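The sequence shown runs 13 to 71 under this note's numbering. Even glycine gets a Cβ: it sits at the ideal position worked out from N, Cα and C. Just so you know, these numbers come straight off a predicted model, no measurement behind them. Here's the structure, in structure tokens; my notes come after.
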Amino acid sequence: MYDLATDPAERVNLAETRPELADELESELRTHFRSLGHPLESRRWKVGMNPVYSSQGNR
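The following block contains the structure:
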């Protein structure tokens with residue numbers, strides 16, 4: 013979780029100093045995923061990780 017306005021290089025992870033905000037944002041993300049009507053809890057879409065695209069193969 014980064015403040016891109018003040019940290020465009022994403023060097024300071026604010027989740028470490030703002031865990032309550034990180035938890036709230038993760039909850040909102042999970043709610044959004046559920047609203048899509050199909051599960052996204054897979055290796056490709058695991059919350060907290062970058063997605064894995066088919067062009068990248070199965071790493």
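- If you draw a straight line from the Cα of Thr29 to the Cα of Thr43, it is about 23 angstroms long.
- Secondary structure of Arg42 (DSSP, three-state): helix.
- Setting aside the 5 residues that flank it on each side, Asp19 has no residue in the same chain whose C-beta is closer than 7 angstroms to its C-beta.
- In this structure, the alpha-carbon of Ser39 lies about 11 angstroms from that of Arg46.
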